[in-house]
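In our numbering, the protein residues as written are 384 to 790.
A virtual CB, placed ideally from N, CA and C, is assigned to each residue, including glycine.
Notes follow the structure.
Right, dumping it as structure tokens:
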């Protein structure tokens, strides 16, 4: 993989010799790529506001589903045809920055104090800034009020623990009618990572994997046992056919862990929008909710670097953060603009997302995570299917991560 990255760096340098210089005047068109259709209105609003201020610039938005986005972006990078501006995720950042694919944004000289420090730091490499923070998210417990009311069960609150979650899910489980108490998929950010940090474990910190720790393994086993021992979660196969979010929205799951980025979709779904609410996550030994944030990045070989930098700076502005919030895109990264997002959701406890940032845990990051996250998925799947015990899967994953990190 490192040889591949080295080859990409060489390719980048060669292509940059033939890259056009920035246009100083006249009409300019730049492309702006992202992956979430639910956030498309917000991104278009930002683009339109920028074009209104810069009538000689046209910003073409391009939305590609998550499952296709990174394949498409990698192909574009290898072909020297990256979008001018595009969303960047922490899992993929190191791969692109070390391959020389990103535009250095350090000379924007932005004031980064309004953004969460952890999000800004995600996109800083070797003292330079390569993406501007876009948003942040946390994970909450979503529950179907209709199913709770039918069962005569009180709604979740901040006193809930793992045991409360488990026992309540058992009461709500109605497999004969196709309803499960809780969704426990093979998911990291919206799944077992939260349990791991609530149990005093860790995934990856300071160059070390935490998958060999008993606290980590205990948390993952507890998470999987909602499905494997208790039978109160849909099967792994069912999540392949229909995601946990879709099953919840269809009324097939009574509770699930859900990221704030899904609120636009949930509140637009006529079937579920008036039937669900949110609560802070049940706690284990301590409270924790995984948080993360996206960044706006630019292509290293854009034909219009000055325009691209100016547009990215605008995307990070207070004005643009308000626009994305008002269009239900996501919780904006710019401090003080969060309420423009939360104020739109008057029928649900949306404030629990911003409340949990106080004890939020940064989504575990390693510069090489893109090299081992596929192995993580495979080994965790093997534990779900019984091919390996949780301990075996975690120990093998620990060894694989440390081997990659040592290279």
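request  = Quick one: which unbroken alpha helix (DSSP H) runs of 4-plus residues sit fully inside the region 579-621? Chain order, please.
outcome  = 597-611
According to DSSP, what are the bridge partners of residue 662? For this step, residue 662 is matched to residue 279 along the chain shown. Residue 662 pairs with 524.
task = Would you mind sorting residue 558 into buried or exposed? The rule is 16 or more other CB atoms within 10 Å of its CB.
result = Taking the first residue of the chain shown as 1, we reach residue 558 at position 175. Exposed is the call here.
Just curious, the alpha helix (DSSP H) that residue 724 is in, first and last residue? To locate residue 724, count along the chain shown from 1; it is residue 341. Run containing residue 724: 721-725, per the alpha helix (DSSP H) assignment.
**Q.** Residue from 482, 442 and 579 with nearest C-alpha to residue 460
**A.** As a position in the chain shown, residue 460 is number 77, starting the count at 1. Taking only the C-alpha atoms, the option nearest residue 460 is 482.
Would you give the residue range spanned by the beta strand (DSSP E) that residue 694 belongs to?
The residue labelled residue 694 in the question sits at position 311 within the chain shown. Note, residue 694: premise wrong, no beta strand (DSSP E); alpha helix (DSSP H) at 688-698.
| said: Three or more C-beta pairs under 8 Å: does that hold for the region 447-454 against the region 632-652? | reply: no
Taking the straight line between their C-alpha atoms, what separation do you get for residue 538 and residue 600? For the purposes of this step, residue 538 is identified with residue 155 of the chain shown, where counting begins at 1. For the purposes of this step, residue 600 is identified with residue 217 of the chain shown, where counting begins at 1. Between the alpha carbons of residue 538 and residue 600 lies a distance of about 30 Å.
_Going residue by residue through the region 474-536, where are the continuous alpha helix (DSSP H) segments of at least 4 residues, counting only ones entirely within it?_
500-505 and 528-534
- Query: For residue 477, which residues of its own chain have a beta-carbon under 6 Å away from its beta-carbon, when the five flanking residues on both sides are left out?
  - Reply: On the chain shown, residue 477 is found 94 positions in, with the first residue counted as 1. Excluding positions up to five away in sequence, the list reads 750.
Residue 748 CB to nearest heavy atom of the ligand ADP below 7 Å:
In the structure shown, the ligand ADP is absent, as is every other ligand, since no ligand is present at all.
Check: Which residue from 417, 643 and 598 puts its Cα closest to that of residue 454?
Finding: Counting from one through the chain shown, the residue named residue 454 turns up at place 71. Out of 417, 643 and 598, 417 has the C-alpha closest to the C-alpha of residue 454.
(message) By the three-class DSSP mapping on this structure, what secondary structure does residue 672 have?
(response) The residue labelled residue 672 in the question sits at position 289 within the chain shown. DSSP places residue 672 in strand when its eight states are reduced to three.
Review point. Shorter than 8 Å from the beta carbon of residue 594 to some beta carbon of chain B?
Key: The structure shown contains no chain B, having only a single protein chain.
Counting Cβ pairs closer than 8 Å, one from the region 652-661 and one from the region 553-569, do we hit at least three?
-> no
Exercise for the section: Return the bridge partner residues of residue 705 from the DSSP annotation. Expected result: Residue numbering aside, residue 705 sits at position 322 when the chain shown is read from its first letter. Its beta-bridge partners do not exist; DSSP assigns none.
Checklist entry - Near residue 642, what residues of its chain come up, given a Cβ to Cβ distance below 6 Å and the 5 sequence neighbours on each side ignored? => result Locating residue 642 in the chain shown gives position 259, where the first residue counts as 1. The residues are 520, 522 and 573.
- Note down the Cα distance separating residue 424 from residue 711, rounded to an integer number of angstroms. As a position in the chain shown, residue 424 is number 41, starting the count at 1. As a position in the chain shown, residue 711 is number 328, starting the count at 1. Looking at the two C-alpha atoms, the distance is approximately 8 Å.
- Task: Measure the beta-carbon distance from residue 610 to residue 567 and round it to whole angstroms, keeping in mind my assumption that it falls under 8 Å.
- Result: On the chain shown, residue 610 is found 227 positions in, with the first residue counted as 1. On the chain shown, residue 567 is found 184 positions in, with the first residue counted as 1. Going by Cβ atoms, the distance from residue 610 to residue 567 rounds to 5 Å, so yes, they are a contact pair.
Note the first and the last residue of the continuous alpha helix (DSSP H) segment covering residue 423. To locate residue 423, count along the chain shown from 1; it is residue 40. Start and end: 423-436.
inquiry  = Measuring only the C-alpha atoms, how far is residue 767 from residue 515?
reply    = What you label residue 767 is simply residue 384 of the chain shown in a count that begins at 1. What you label residue 515 is simply residue 132 of the chain shown in a count that begins at 1. Approximately 38 Å, taken between the alpha carbons.
| query | In its own chain, which residues sit with a C-beta less than 7 Å from the C-beta of residue 716, not counting the 5 before and 5 after it? | reply | Reading the chain shown from its first residue, position 333 is the one you call residue 716. Here the set comprises 498, 499, 502, 516, 517, 518, 519, 676 and 704.
Exercise. Determine, using beta-carbon pairs with one atom in the region 657-667 and one in the region 529-548, whether at least three such pairs fall under 8 Å.
Key: Segments in contact, yes.
Tell me the DSSP bridge mates of residue 449? Within the chain shown, residue 449 is the residue found at index 66, counting from 1. Residue 449 is not bridged to any residue.
**Request:** Compare the Cα-Cα distances from residue 495 to each of 678, 535, 735 and 534 and report the closest residue.
**Result:** In the chain shown, residue 495 corresponds to position 112, counting from 1. Checked all of 678, 535, 735 and 534; the closest Cα to residue 495 is 678.
Report the three-state DSSP secondary structure of residue 411 (helix, strand or coil). Sequence index remark: in the chain shown, residue 411 carries index 28 (1-based). Residue state, collapsed to three classes: strand.
- The beta strand (DSSP E) spanning residue 793 covers which residue range? It is not possible to answer for residue 793, since the shown part of the chain is limited to 384 through 790.
Note to self: Pull the bridge partners of residue 561 from the DSSP assignment, please.
What the structure shows: Position 178 of the chain shown, counted from the start, is the residue given in the question as residue 561. Looking at the DSSP assignment, residue 561 forms no beta bridge with any residue, so it has no partner.
Requested in this report: Go to residue 634, then tell me how far its alpha helix (DSSP H) extends in each direction, as first and last residue.
Outcome: Mapped onto the chain shown, residue 634 falls at position 251. Note, residue 634: premise wrong, no alpha helix (DSSP H); not H, not E.
For residue 737, tell me which candidate among 535, 674 and 683 has the shortest Cα-Cα distance. The residue labelled residue 737 in the question sits at position 354 within the chain shown. Nearest in C-alpha terms to residue 737, of all of 535, 674 and 683, is 674.
*Closest Cα partner of residue 550 within the set 637, 619 and 591*: Sequence index remark: in the chain shown, residue 550 carries index 167 (1-based). Comparing Cα-Cα distances from residue 550 to each of 637, 619 and 591, the minimum goes to 637.
Which residue from 774, 784 and 420 puts its Cα closest to that of residue 598? As a first step, residue 598 is located in the chain shown; it is residue number 215 there, counting from the start. When only C-alpha atoms are compared, the closest one is 774.
Contiguous alpha helix (DSSP H) assignments of at least 4 residues, all confined to the region 703-784:
721-725, 734-738 and 752-768
In angstroms, rounded to a whole number, what distance separates the CA positions of residue 633 and residue 493? Taking the first residue of the chain shown as 1, we reach residue 633 at position 250. Taking the first residue of the chain shown as 1, we reach residue 493 at position 110. Roughly 44 Å between the two C-alpha positions.
Per DSSP, which one or two residues make a beta bridge with residue 679?
-> Reading the chain shown from its first residue, position 296 is the one you call residue 679. 470 and 515.
Alpha helix (DSSP H) containing residue 554: first to last residue?
Position 171 of the chain shown, counting from 1, holds the residue named residue 554. Here the alpha helix (DSSP H) through residue 554 covers 545-555.
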